[in-house]
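Engineer: Chains as they are written, first to last, in the numbering used here: chain Z, 1 to 111; chain X, 1 to 115. Don't be surprised by glycine CBs; every beta carbon is placed ideally from N, CA and C.
1) In angstroms with no decimal places, state the Cα-to-Cα distance between residue 5/X and residue 71/X.
2) For the stretch 12-19 of chain X and the stretch 23-35 of chain Z, state whether three or more C-beta atom pairs, one from each stretch, are separated by less than 8 angstroms.
3) Does the Cβ of residue 77/Z have 16 or more other Cβ atoms within 10 Å, making it buried, or fewer, making it exposed?
4) So, residue 74/X versus residue 43/Z, is the Cβ gap smaller than 8 angstroms?
5) Give a yes or no on whether the C-beta atoms belonging to residue 3/X and residue 25/X are separated by under 8 angstroms.
6) CB-CB under 7 angstroms to residue 82/X, same chain, minus the five flanking residues each way: which ones, in chain order?
7) Does any residue of chain X have a CB that is nearer than 8 angstroms to the CB of residue 25/Z?
8) Is the shortest distance between the beta-carbon of residue 10/X and the beta-carbons of chain Z less than 8 angstroms?
9) Would you mind sorting residue 18/Z into buried or exposed? The rule is 16 or more other CB atoms within 10 Å of its CB.
10) Identify, in the order they occur along the chain, each residue of the same chain with its Cβ nearer than 6 angstroms to the Cβ of residue 110/Z, setting aside the five sequence neighbours on each side.
11) Excluding the 5 residues flanking residue 52/Z on each side, which residues of the same chain have their C-beta closer than 8 angstroms to its C-beta?
12) Run through DSSP, which three-state label would residue 119/Z get?
13) Beta-carbon of residue 96/X versus every beta-carbon of chain Z: anything under 8 angstroms?
14) Applying the criterion that 16 or more other CB atoms from any shown protein chain within 10 Å of the CB defines a buried residue, is residue 77/X buried or exposed?
15) Taking the alpha-carbon of residue 34/X as reference, which of 66/X, 96/X and 84/X has the nearest alpha-carbon?
16) Considering only residues of the same chain and omitting the five flanking positions on each side of residue 75/Z, which have a CB-CB separation below 6 angstroms?
17) If you measure from the beta carbon of residue 50/X to each beta carbon in chain Z, is any gap under 8 angstroms?
18) Terminal residues of the continuous beta strand (DSSP E) containing residue 34/Z?
19) Across which residues does DSSP place residue 111/X in a beta bridge pair?
20) Beta strand (DSSP E) containing residue 58/Z: first to last residue?
21) Can you pull the chain X neighbours of residue 92/Z, defined as C-beta to C-beta under 8 angstroms?
22) How about residue 39/X: is its Cβ closer than 7 angstroms to a heavy atom in the ligand GDP?
23) Use the C-beta contact count for residue 37/Z: other C-beta atoms within 10 angstroms, 16 or more gives buried, fewer gives exposed.
24) Considering only residues of the same chain and omitting the five flanking positions on each side of residue 39/Z, which have a CB-CB separation below 6 angstroms?
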C-alpha cells in the first residue's frame, strides 16, 4: 500500500463547477501538506501549503486537512478552463524535507 | 526570476551510454532534490542533498549518482543508461527551517528517452 493515495481521474467538469480533489495517507507523522499544479510539459508549481489540520483559502482555492482521518482535500470554486492541469498532493514529516507525492489527478474544465 | 533551471530539456540515449543532468537554483536554498516522474507513479525521489556537502538516497536511487557541486548546483548522473530509466526528471530546491518545512520549487524537467 502506498503512503499517499490519490485518485488519478481523469476528472472532467463544466466551466463554473466546484471541483473536489482528495488524497488519503497512512503516515501519522506527516505534518506539512501541499498541493501542486502541473501543466502539460511543465514542472509542478506550488498552489497551496498548509501545516497540520485546518483550512486555508486563497482566492478560488481552499485546502482542507483532517489529520484524524488522514485525509486532505483541495476545492476549486468557479472552475475555469485554465484550471485544466494535473494536481498533485504532497506531504512531509517535520524536519525531513522529503516530500511524498500522490499519483496526481488530471482535471479538465470544459468551456 | 529563473528559479530552478534544468539542462538539457530533452535527450535521447542508447542503452549503455552515460550522461549527466544539470540543475541550478538561484534562490539561495540549502536543500536540493532529484525526482523522476512516470505515468501513474507520481514523483519519486531519487537522491537529495539537505545541504552543501551532503547527499542521501531517496526511494529509487539504483542506477544513479549525484554530485552537489556547490550551493547552487546539483547534478544527476546515469553511468550506464537502461530503458527502465526512460522518464521525466525534475530537480527541486527548498529551505529547511528549524521546526518547519518549506515547500519545494521545481524546474521544468528533462525528458529522457533511452533506446
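Structural biologist: If we stick to the structure as given:
1) As a working mapping, residue 5/X is identified with position 5 in the second chain. As a working mapping, residue 71/X is identified with position 71 in the second chain. Roughly 14 angstroms separates the two Cα atoms.
2) no
3) Translated into positions along the first chain, residue 77/Z becomes position 77. Exposed: under 16 other Cβ atoms inside 10 Å.
4) Here residue 74/X is taken as the residue at index 74 of the second chain, counted from 1. Here residue 43/Z is taken as the residue at index 43 of the first chain, counted from 1. Taking 8 angstroms as the Cβ cut-off, residue 74/X and residue 43/Z do not qualify as a contacting pair.
5) For the purposes of this step, residue 3/X is taken as the residue at position 3 of the second chain. For the purposes of this step, residue 25/X is taken as the residue at position 25 of the second chain. Going by C-beta atoms, residue 3/X is nearer than 8 angstroms to residue 25/X.
6) Translated into positions along the second chain, residue 82/X becomes position 82. If we look at residue 82/X and ignore the five residues flanking it on each side, its Cβ neighbours are 15, 63 and 114.
7) Against the first chain, residue 25/Z aligns to sequence position 25. Not closer than 8 angstroms to any Cβ of chain X, the Cβ of residue 25/Z fails to qualify, so no.
8) The residue you call residue 10/X lines up with position 10 of the second chain. So, not an interface residue.
9) The residue given as residue 18/Z occupies position 18 in the first chain. Counting Cβ neighbours within 10 Å, residue 18/Z comes out exposed, since fewer than 16 surround it.
10) As a working mapping, residue 110/Z is identified with position 110 in the first chain. Same-chain partners within the cutoff: 14.
11) Indexing the first chain from 1 puts residue 52/Z at position 52. 31, 65 and 67.
12) Residue 119/Z is absent from the structure shown; chain Z starts at 1 and stops at 111.
13) On the second chain, position 96 is the one that residue 96/X refers to. At least one chain Z Cβ lies under 8 angstroms of residue 96/X.
14) Here residue 77/X corresponds to residue number 77 of the second chain, with the count starting at 1. Exposed, since its Cβ has fewer than 16 Cβ neighbours within 10 Å.
15) To locate residue 34/X, count along the second chain from 1; it is residue 34. When only C-alpha atoms are compared, the closest one is 66/X.
16) The sequence position of residue 75/Z within the first chain is 75, counting from 1. The answer, listed in chain order, is 20 and 62.
17) For the purposes of this step, residue 50/X is identified with residue 50 of the second chain, where counting begins at 1. True, the Cβ-Cβ gap to chain Z drops below 8 angstroms.
18) Against the first chain, residue 34/Z aligns to sequence position 34. 30-38 is the extent of the beta strand (DSSP E) around residue 34/Z.
19) The count along the second chain starts at 1 and reaches residue 111/X at position 111. 10/X and 88/X, per the DSSP bridge assignment.
20) Locating residue 58/Z in the first chain gives position 58, counting from the first residue. Start and end: 54-58.
21) Position 92 of the first chain holds residue 92/Z. Result: 101.
22) In terms of ligand content, the structure shown is empty, and the ligand GDP therefore cannot be addressed.
23) Reading the first chain from its first residue, position 37 is the one you call residue 37/Z. Buried.
24) Here residue 39/Z corresponds to residue number 39 of the first chain, with the count starting at 1. Cβ within range, chain order: 85.
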